[in-house]
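Visitor: Every letter in the sequence shown is one number past the one before it in our numbering, and letter 10, counting from 1, is 7.
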Amino acid sequence: AILQAVIYLSLAPKSNAVYTTYSAVMEDIKNFQSLPVPLHIRNAPTKLMKDIGYSRGYIYPHNHENAVVYQSYLPQEIKNRKYYHPTGRGFEKELKSRLEKLEELKEKFRQKPGQ
């Protein structure tokens, strides 16, 4: 069984996308230290938290078509960061296609009137 695993892994498509993702995330953690969680994704179990804006503007994805919405979950300073960049090889080719489709759906949601 171990030999089969060795052969399988040696023949599998190679990628360092996870490593580069991890490195980029760790670099941002080092550079930005502790950034505030966006108010709209903070839980608001008390009236005070609601009054100061916790959870205001949160869009629940599962209530929308394809369960995809245009909404940032990262702190303001890094809100446009894209950390994972899959290659066009192996299963990452499929993941890349899925990510592109998600981006299209998010943009479609963003362009809807009232969003």
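For every residue, glycine included, the Cβ atom is placed at its ideal position computed from N, Cα and C. Quick caveat: nothing in here was measured; it's all calculated off a predicted structure.
Short check: CB of Tyr70 to CB of Ile26, under 9 Å?
Guide: No, Cβ-Cβ distance for Tyr70 and Ile26 is not below 9 Å.
Visitor: In this structure, how does DSSP classify Asn40 when only helix, strand and coil are distinguished?
Guide: Looking at Asn40 - three-state DSSP - the assignment turns out to be coil, as it is neither helix nor strand.
Visitor: For Val66, count neighbouring C-beta atoms within 10 Å of its own C-beta (all shown protein chains included) and say buried if the count is 16 or more, exposed if not.
Guide: Val66 is buried by the Cβ-count criterion.
Visitor: Note down the Cα distance separating Lys98 from Asn28, rounded to an integer number of angstroms.
Guide: Cα-Cα distance, rounded: 31 Å.
Visitor: Since Ser52 and Ala41 should fall inside the 8 Å C-beta cutoff, what is the C-beta to C-beta distance between them, to a whole number of angstroms?
Guide: 4 Å between Cβ atoms; contact.
Visitor: Comparing alpha-carbon positions, which option in Pro110, Phe88 and Phe106 lies nearest Pro117?
Guide: The requested residue 117 does not occur in the structure, where the chain is confined to residues -2 to 112.
Visitor: Which residue from Leu8, Ala14, Gln1 and Val34 puts its Cα closest to that of Lys79?
Guide: Comparing Cα-Cα distances from Lys79 to each of Leu8, Ala14, Gln1 and Val34, the minimum goes to Ala14.
Visitor: Let me confirm a value: Pro110 is counted as buried when at least 16 other C-beta atoms fall within 10 Å, else exposed. Which label applies?
Guide: With fewer than 16 other Cβ atoms within 10 Å, it is exposed.
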